[in-house]
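Residue numbers (this note's numbering), protein chains in the order written: chain A, 335 to 696; chain B, 335 to 696.
Glycine included, each C-beta is placed from N, C-alpha and C at the ideal position.
These numbers come from a predicted model, not from an experiment.
Quick look at the structure:
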């Protein structure tokens, strides 16, 4: 029986949860939801299904040490630093290469490092079915999430006919990938019922994934072949990556492969999922007070409603008469913005970046 | 010619400018407006008119050391710690006693420690006229400020007939003291033109002030007589204050003496004056950006309008899409409130006080 591998994609620029997240400490290195860092939770969620020796983490070279510190069970040579960000196509292809070089029969699951999933049992049930299905079929198997609301911030996939069952769960052909829709379209997707959120979870035999790249993204496949040869010739992985990565095109795996491939299948997730994309999203994972405030740390409130207030050890946030704000304190920077505008944080960070000596805040 | 003394009232509980102000560091110990602490500015404003040896500062016992540190030119035994707050009547009477014991002919000016006055020359001109007038007349001479707007947060006094001139400036009888008016009344006062803000600035011969207390506030006068005798008997001032202060009634000098005395006169201030009573008031003493934001320290703004943001060394406040907020950062506490509700800060501080371990924040 083939072995299960996981390739955890730990990219991220540390912008969406600023000021807690920084370039040196992106979201997956923070306990945005829960007590552990998001990446440690992602690793822990695989316990019993994928042993640490079969988990790879792909990240920015500058984050390797921090990830080693919070994921000590992962062999250090499996925490791989990309010399530069080349989006998810390159990273997925690299994951497939690393797994196939280790184990030509290996099945890998590509997983995000920073999603919030509370139902670990449901997650393992879904993933186990996907591994089994991908092992036995020439499909790229995704796990799609039934929309909880008409989200405009996610891509969707449309499922077609049922192709079979894996571990007692049905799987379907994917007939279409669609990009982030407008609200009316998202509402229609929700009503029609056969659209699922594309949450970037792919399970596929490594060799099969390499074939898909050769078919649909030949330039990236060629880069991976170059990398493979350099490793065969005795180059270290960092040296080989430094030589090859700059030549790779920067493109998402959805664009490069998934939207083109005919052999994509989907299981509907048997678990909750949230990418927790911005500060106001933590409200979905917390208990609010009677006035709708969600707080972490020492927060004093007088006639304050619907706020998200996050502070650290010993520092008090005191809110008087304010509504629906995000207030986040860290020792060297404090953010204040309406919840409704948290998605504009990048614009604020451009202002920060223009300030003298701004590096310490980014 | 009689000598000029100043008695600076440095009370205050450190609430209105929280979190910068604390019980241990009230407003007059902060540079709320300008570069120096408010009390150091108050002392500096007297340079050339009242020598340091003739300045007394009355404060809470716990603040004596901090005031000594920022006002090193004042003889340390003239920075007097009250064992407890007993409002302005007791403090004024104590000031009169201390000056009269030093100099039976002395004229004292009672001044607040924390007002913002930018025109020091105009201030000295007004105060010089008041000293001269108080020295030569049996009047309690006040300096009233021409209302700049229909303020509802100040008491007013109404001037009557002109009584004379001092240093070329006219002075008038005060015919009425009035408490904080409602807006309609304040607007009428502004229109009528003979109402001035009562800013608690009194200039009077010490012996004359003592007479006024004996007439209108005999219980406080009796307490001062007790104090006088204890000092004559060789008690230290702290010991004498510890014995007498608890027996004194807590009442303002306006209620206890001014409203009752027939011999109150007023000069109109020849200078700007602002008590800077809450955070939004600093806007009147600062240059705003094009969007009306007033900032101190490192502040990054994106689409933010009309805010007051104050931070300290190295800590960034970043505001995105917010309007008319007060945001003040200190190393251990951050305040966020609408400018329009800054006057409710005391209610918020009651919430803070109820938190475990709150002493560090108060």
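query, result
"Does residue 654 (chain A) get closer than 7 Å to chain B when you measure Cβ to Cβ?", "yes"
"Name the chain B residues that come within less than 8 Å of residue 668 (chain A), Cβ to Cβ?", "645, 649, 650, 651, 652, 661, 663, 668"
"So what does DSSP say about residue 668 (chain A), is it helix, strand or coil?", "strand"
"Using the C-alpha atoms, what's the distance from residue 589 (chain B) back to residue 550 (chain B)?", "10 Å"
"Would you grab the beta carbon distance between residue 327 (chain B) and residue 344 (chain B) for me? Rounded to a whole angstrom, and I think it's under 8 Å.", "What the structure shows of chain B is the stretch from 335 to 696, and residue 327 (chain B) is not part of that stretch, so it cannot be assessed."
"Kindly indicate which residue of A:388, A:429, A:421, A:393 has the alpha-carbon position closest to the one of residue 700 (chain A).", "Since the first residue of chain A shown is 335 and the last is 696, residue 700 (chain A) is not available in this structure."
"Measure from the C-beta of residue 671 (chain B) to each C-beta in chain A and report whether the shortest distance is under 7 Å.", "yes"
"Looking only at DSSP bridge pairs, what is residue 697 (chain A) linked to?", "There is simply no residue 697 (chain A) to check, as chain A begins at 335 and stops at 696 in what is shown."
"Closest to residue 557 (chain A) by CA distance: which of A:679, A:574, A:338 is it?", "A:574"
"Going by beta-carbon coordinates alone, are residue 536 (chain B) and residue 474 (chain B) separated by less than 7 Å?", "yes"
"Counting Cβ pairs, one atom from each stretch, are 3 or more of them under 8 Å apart for the segment 629 to 637 of chain A and the segment 504 to 515 of chain A?", "no"
"Strictly under 7 Å for the Cβ-Cβ distance: is residue 633 (chain A) near chain B by that measure?", "no"
"Could one say the Cβ of residue 491 (chain A) lies closer than 7 Å to chain B's Cβ atoms, at least one of them?", "no"
"Restricting to Cα atoms, I'd like to know which of B:440, B:372, B:352 is closest to residue 384 (chain B).", "B:440"
"So the candidates are A:502, A:647, A:460, A:568; which of them puts its Cα closest to the Cα of residue 606 (chain A)?", "A:460"
"What does residue 675 (chain B) reach in chain A if we use C-beta pairs closer than 7 Å?", "654, 655"
"Can you tell me whether residue 465 (chain A) is helix, strand or coil according to DSSP?", "helix"
"Compare the C-beta of residue 364 (chain B) against all C-beta atoms of chain A and say whether one is closer than 7 Å.", "no"
"For residue 553 (chain A), which three-state DSSP category applies?", "helix"
"If you run the structure through DSSP and keep just helix, strand and coil, what is residue 675 (chain A)?", "helix"
"Looking at the secondary structure, which residues open and close the alpha helix (DSSP H) in which residue 521 (chain A) lies?", "517 to 526"
"Using the beta-carbon count (16 or more within 10 Å), is residue 544 (chain A) buried or exposed?", "buried"
"Within the 7 Å Cβ cut-off, does residue 682 (chain A) reach chain B?", "yes"
"Need the endpoints of the alpha helix (DSSP H) that residue 373 (chain B) sits in, please.", "372 to 378"
"Could you tell me whether the segment 475 to 486 of chain A touches the segment 598 to 615 of chain A, using the rule of 3 or more Cβ pairs below 8 Å?", "yes"
"Chain B partners of residue 607 (chain A), CB-CB under 8 Å?", "The contacting residues do not exist; residue 607 (chain A) stays about 28 Å from chain B at best."
"Beta-carbon within less than 7 Å of residue 362 (chain B)'s beta-carbon, same chain only, minus the 5 sequence neighbours each way: which residues are those?", "344, 346, 371, 372, 373, 447, 448"
"Helix, strand or coil, according to DSSP, for residue 368 (chain B) in the structure here?", "coil"
"Once DSSP output is grouped into helix, strand and coil, what is the label at residue 362 (chain B)?", "helix"
"How long is the line joining the alpha carbons of residue 661 (chain B) and residue 445 (chain A), rounded to whole angstroms?", "40 Å"
"Ends of the alpha helix (DSSP H) at residue 654 (chain B)?", "Per DSSP, residue 654 (chain B) belongs to no alpha helix (DSSP H); it is in the beta strand (DSSP E), 650 to 654."
"Enumerate, from N- to C-terminal direction, the unbroken beta strand (DSSP E) stretches of 3 or more residues contained entirely within the segment 399 to 461 of chain B.", "413 to 416, 441 to 446"
"Please look up how many angstroms separate the CB atoms of residue 628 (chain B) and residue 617 (chain B), rounded, as I've assumed it's under 8 Å.", "5 Å"
"Counting only beta-carbon atoms, is residue 695 (chain A) nearer than 7 Å to chain B?", "yes"
"By the criterion of Cβ-Cβ separation under 9 Å, what are the contact partners of residue 501 (chain B) in chain A?", "Those within 9 Å of residue 501 (chain B) in chain A number zero; the least Cβ separation is about 46 Å."
"If we call anything under 7 Å between Cβ atoms a contact, is residue 467 (chain A) one with residue 415 (chain A)?", "no"
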